[in-house]
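Student: Please read through the structure below; I'll follow up with questions.
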Amino acid sequence: MFNRVLVANRGEIALRVIRACRDLGIEVACVYSEADRDAPYLKLADKAICIGPAPAAESYLKVQRIIAAAEVAGADAIHPGYGFLSENAQFANVCRECKIEFIGPPEAAMQQVGNKDRAKQLAKLANVPTVPGSDGILKTPEEAMQFARQVGYPVLIKAVAGGGGRGMRVAHDDAGLVTGFAQAQQEAEAAFKDGSVYLEKYLDRPRHIEVQILADKHGNVVHLFERDCSLQRRHQKLVEESPAPNLPVEVRDAICAAAVRLVTAANYYSAGTCEFLLDRDNRFYFIEVNARIQVEHPVTELVTGIDLIREQIRIAAGEHLGYTQADIVQRGSAIEVRVNAEDPFHDFRPNAGTITKWQPAGGPGVRLDSHVVTGYRVPPNYDSMVAKLLVHRATRADAFATMRRALREFIVEGIATTIPLHREFFDTPEFIAGAVDTTFVERVVMPRFAAKHG
Ligand code: ADP
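Here the sequence shown stands for residues 1 to 454, numbered as in our numbering.
Structure, rendered in structure tokens:
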């Protein structure tokens with residue numbers, strides 16, 4: 001096992017990794033930017049090292065500074081969290097060259113699944129259904145148009161390096177395709193330094209179902225069942241739950257088996273997620289692999305009782321999983337809401353600033369993953385998530401009741417958050433019935449919310 005882990009991240013996931021290290025009896029060091037100097041979780045680390053100014057490009061994304069921090073801290077492993085360098089195979093490679101274990105998948109697997117187009121090719125080889133799409137990168141709008149006419153509009157232009165909904169455009173006709181193509185390329189070039197795009201059929205009101213995977217370095221692969229992440233805005237998840245409601249058991253089993261086939265084919269280890277879309281006839285299509293821990297991992301921790309960060313660390317240290325698929329059960333119903341420092345009454349305007357009152361929810365069935373305390377200043381430089389509020393109950397109906405109660409208890413003052421919108425979700429009949437899709441928030445909830453509060 002490792003002696004000391006360096007956390008190369010910030011916010012709630014930094015705290016989450018610190019906690020996992022403590023639970024395992026491992027020392028832990030943490031990096032921070034000047035904007036995070038006063039972050040309360042830094043006091044929980046054995047060492048905290050400043051790696052530069054606020055902009056991520058000058059701190060959390062600076063490979064040399066993070067490696068130097070690991071050396072100063074005497075860390076023998078680095079946990080990258082999510083975002084920042086977590087899916088950067090080159091960073092993983094530098095870590096290993098410096099004899100520091102990267103707590104994540106092997107570089108070869110990261111390279112294979114990190115590119116959406118390559119991941120789709122792999123899925124096909126593993127006999128996993130994919131969304132009908134252009135085979136490979138499209139160079140010109142004319143090429144794209146040819147394909148779009150073949151499969152029929154609407155189509156989705158996607159960046160091969162995409163993530164966080166960036167470099168993605170829907171096109172409903174030739175004209176929209178020409179403008180969307182250029183926009184997606186530009187956005188992808190700016191965000192990922194890779195402007196390559198491809199095309200997919202834009203599925204009509206699909207659900208988003210993903211499967212959590214764990215694999216060790218000895219060839220053992222298990223899945224930890226599914227999460228339903230259909231409540232989204234602009235292709236970004238807002239709420240996640242497990243099990244997925246109204247999912248026939250044979251469909252669930254088929255999706256989980258497909259995910260296992262896919263990561264096995266990639267010679268993958270560590271934690272990972274295979275994402276799928278489900279159409280209205282319950283046919284599923286692979287869209288991408290997230291080769292890292294995800295924001296919504298605690299949903300799975302609650303229903304399976306398995307600590308995923310602990311497992312990532314154990315796997316990186318070379319330990320065996322120590323259990324088989326038959327040992328993993330899904331118990332009860334878990335739901336997570338992402339509390340973002342954004343104003344849902346004003347087009348989700350980011351709300352950096354000082355939190356004057358932070359009164360979190362608690363009590364039976366509630367878990368809160370957050371790095372925030374009263375007086376905390378939300379910096380404007382990073383992702384706006386300030387907390388993940390989770391509930392776990394025996395049934396989905398009970399979980400909804402506890403979430404309603406928790407959202408009522410949770411009081412944040414000084415900045416606007418998405419809590420009022422979450423309260424609306426849990427009173428929405430279609431969501432209560434488990435009958436939503438990835439377009440539901442924008443199509444149905446936001447107009448109702450605006451009418452009510454307009
Ligand atoms: P990113 O990596 O940027 O998050 P994903 O490929 O994971 O992008 O897709 C994010 C979301 O975009 C999905 O959950 C879904 O809502 C939507 N989406 C992606 N591909 C399609 C598609 N072919 N048809 C319809 N919606 C899609």
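Ideal Cβ positions, reconstructed from N, Cα and C, are used throughout, including at glycine.
So for N93, helix, strand or coil by DSSP?
Tutor: For this step, residue 93 is matched to residue 93 along the sequence shown. If DSSP states are grouped into helix, strand and coil, N93 belongs with the helices.
Student: Any heavy atom of the ligand ADP closer than 6 angstroms to the beta-carbon of Y202?
Tutor: In the sequence shown, residue 202 corresponds to position 202, counting from 1. Yes, Cβ of Y202 sits closer than 6 angstroms to a heavy atom of the ligand ADP.
Student: Counting C-beta neighbours from all protein chains within 10 Å, is the total for R252 16 or more, i.e. buried, or is it exposed?
Tutor: As a first step, residue 252 is located in the sequence shown; it is residue number 252 there, counting from the start. Per the 10 Å Cβ criterion, buried.
Student: Please return the same chain residues whose Cβ sits closer than 7 angstroms to the Cβ of A70, not counting the five positions on each side in sequence.
Tutor: Here the question's residue 70 lines up with position 70 in the sequence shown. So the list reads L6, I78 and I100, once near-sequence residues are dropped.
Student: Are there any heavy atoms of the ligand ADP lying less than 6 angstroms away from the beta-carbon of V131, as far as the coordinates show?
Tutor: Taking the sequence shown and counting its residues from 1, the one referred to as residue 131 is at position 131. Within the cutoff, so yes.
Student: Is T463 near the ligand ADP, judged by its Cβ being under 6 angstroms from some heavy atom?
Tutor: As displayed, the chain neither begins before 1 nor continues past 454, which places residue 463 out of reach and without an answer.
Student: Report buried or exposed for E457, applying the criterion of at least 16 other Cβ atoms within 10 angstroms of its Cβ.
Tutor: What is shown of the chain runs 1 to 454, which leaves residue 457 out entirely.
Student: Only counting runs of 4 or more residues, tell me where the alpha helix (DSSP H) segments fall wholly within the stretch 277-306, in order along the chain.
Tutor: Counting only runs of 4 or more, we get 297-304.
Student: With a threshold of 6 angstroms on Cβ separation, who are the neighbours of E27 within its own chain once the five nearest residues in sequence on each side are excluded?
Tutor: Numbered from its first residue, the sequence shown carries residue 27 at position 27. Closer than 6 angstroms at Cβ, skipping near neighbours: R4 and D46.
Student: I want to check one thing, is the minimum distance from the CB of Q232 to the heavy atoms of the ligand ADP below 6 angstroms?
Tutor: Sequence index remark: in the sequence shown, residue 232 carries index 232 (1-based). Checking the Cβ of Q232 against the ligand ADP gives yes.
Student: Around the Cβ of H223, are there at least 16 other Cβ atoms within 10 angstroms (buried) or fewer (exposed)?
Tutor: If you number the sequence shown from 1, residue 223 lands on position 223. Buried, since its Cβ has 16 or more Cβ neighbours within 10 Å.
Student: For I103, tell me which candidate among K139, A68, V17 and D281 has the shortest Cα-Cα distance.
Tutor: Here residue 103 corresponds to residue number 103 of the sequence shown, with the count starting at 1. The option with the nearest alpha carbon to I103 is V17.
Student: Could you tell me if Y382 is buried or exposed, where buried requires 16 or more neighbouring beta carbons within 10 angstroms of its beta carbon?
Tutor: Here residue 382 is taken as the residue at index 382 of the sequence shown, counted from 1. The residue in question, Y382, is buried, as its Cβ has 16 or more Cβ neighbours within 10 Å.
Student: Could you check if A288 belongs to the surroundings of the ligand ADP, using beta carbon to heavy atom distance under 6 angstroms?
Tutor: The residue given as residue 288 occupies position 288 in the sequence shown. The amino acid occupying residue 288 in the given sequence is Glu; Ala does not appear at that position. Indeed, a heavy atom of the ligand ADP lies less than 6 angstroms from the Cβ.
Student: Looking only at its own chain, which residues have a Cβ that is under 6 angstroms from the Cβ of A271, when we skip the five neighbours before and after it?
Tutor: Counted from its first residue, the sequence shown places residue 271 at position 271. Taken in chain order, the residues that qualify are L214, I293, L308 and Q312.
Student: Which partner residues of H223 appear in the DSSP bridge assignment?
Tutor: As a first step, residue 223 is located in the sequence shown; it is residue number 223 there, counting from the start. H223 is bridged to I213.
Student: Using 8 angstroms for Cβ pairs, my map puts T300 next to R227. What's the rounded Cβ distance?
Tutor: Within the sequence shown, the letter at position 300 stands for residue 300. Within the sequence shown, the letter at position 227 stands for residue 227. Indeed, because the Cβ distance is near 6 angstroms, the residues count as touching under 8 angstroms.
Student: Spatial neighbours of I13 within its chain, please: CB distance less than 7 angstroms, with the 5 preceding and 5 following residues excluded, ordered by chain position.
Tutor: Here the question's residue 13 lines up with position 13 in the sequence shown. The answer, listed in chain order, is G81 and Y82.
Student: When DSSP builds the beta bridges, which residues end up paired with C50?
Tutor: Counting from 1 along the sequence shown, the entry for residue 50 is found at position 50. DSSP, once it has assigned bridges, lists Y32 as partnering C50.
Student: Starting from the C-beta of G414, find all residues in its chain whose C-beta is less than 8 angstroms away, skip the five residues before and the five after it, and write them out in chain order.
Tutor: The count along the sequence shown starts at 1 and reaches residue 414 at position 414. G353, T354, I355, T356 and K357.
Student: Return the CA-CA distance between R532 and L122, expressed in angstroms with no decimal places.
Tutor: Because the chain in this structure spans residues 1 to 454, residue 532 falls outside the shown range and cannot be described.
Student: So for K43, helix, strand or coil by DSSP?
Tutor: On the sequence shown, residue 43 is found 43 positions in, with the first residue counted as 1. Helix.
Student: For L42 versus A35, is the C-beta distance shorter than 7 angstroms?
Tutor: On the sequence shown, residue 42 is found 42 positions in, with the first residue counted as 1. On the sequence shown, residue 35 is found 35 positions in, with the first residue counted as 1. Not a contact, by the Cβ cut-off of 7 angstroms.
Student: Using three-state DSSP, classify Q236 as helix, strand or coil.
Tutor: For the purposes of this step, residue 236 is taken as the residue at position 236 of the sequence shown. Three-state result, Q236: strand.
Student: Can you determine whether any heavy atom of the ligand NAD sits closer than 6 angstroms to the C-beta of E275, and answer yes or no?
Tutor: By its list of ligands, the structure shown excludes the ligand NAD, since it contains just the ligand ADP.
Student: How about the stretch 53-66 and the stretch 399-408: do they share at least three Cβ pairs that are nearer than 8 angstroms?
Tutor: The stretch 53-66, when compared against the stretch 399-408, does not touch it at the 8 angstroms Cβ threshold.
Student: If you draw a straight line from the C-alpha of R443 to the C-alpha of K120, how long is it?
Tutor: Numbered from its first residue, the sequence shown carries residue 443 at position 443. Numbered from its first residue, the sequence shown carries residue 120 at position 120. Answer to the nearest angstrom: the Cα atoms are 29 angstroms apart.
Student: Pop quiz: M110 and A291 are said to be a contact at Cβ under 8 angstroms. What is the actual Cβ separation, rounded to whole angstroms?
Tutor: In the sequence shown, the residue the question calls residue 110 occupies position 110. In the sequence shown, the residue the question calls residue 291 occupies position 291. M110 to A291, Cβ: 5 angstroms. Contact.
Student: From the DSSP secondary-structure annotation, give me the bridge partner or partners of S270.
Tutor: Within the sequence shown, residue 270 is the residue found at index 270, counting from 1. DSSP output for S270 lists A215 as bridge partner(s).
Student: With a CB to CB cut of under 6 angstroms and the five nearest residues on each side skipped, what residues in its chain are close to N246?
Tutor: Mapped onto the sequence shown, residue 246 falls at position 246. Excluding sequence neighbours, N246 sits near G434.
Student: According to the neighbour-count rule (16 or more other Cβ atoms, all chains shown, within 10 Å of its Cβ), is Q150 buried or exposed?
Tutor: Along the sequence shown, read from residue 1 onward, the residue named residue 150 stands at position 150. It is exposed - the Cβ of Q150 has fewer than 16 other Cβ atoms within 10 Å.
Student: Look at the alpha carbon of D194 and the alpha carbon of A188, and state the distance between them as a whole number of angstroms.
Tutor: Counting from one through the sequence shown, the residue named residue 194 turns up at place 194. Counting from one through the sequence shown, the residue named residue 188 turns up at place 188. Approximately 6 angstroms, taken between the alpha carbons.
Student: Leaving out five residues on either side along the sequence, give the residues of the same chain with a beta carbon under 8 angstroms from the beta carbon of D173.
Tutor: The residue labelled residue 173 in the question sits at position 173 within the sequence shown. Around D173: Y153.
Student: Going by beta-carbon coordinates alone, are E416 and D343 separated by less than 7 angstroms?
Tutor: The sequence position of residue 416 within the sequence shown is 416, counting from 1. The sequence position of residue 343 within the sequence shown is 343, counting from 1. One detail in the question is off: residue 416 reads as Ala in this sequence, not Glu. Yes. Within cutoff.
Student: Alpha carbon to alpha carbon, how far is G219 from V378? Give it in angstroms, no decimals.
Tutor: As a working mapping, residue 378 is identified with position 378 in the sequence shown. As a working mapping, residue 219 is identified with position 219 in the sequence shown. Their backbone Cα atoms lie some 42 angstroms apart in a straight line.
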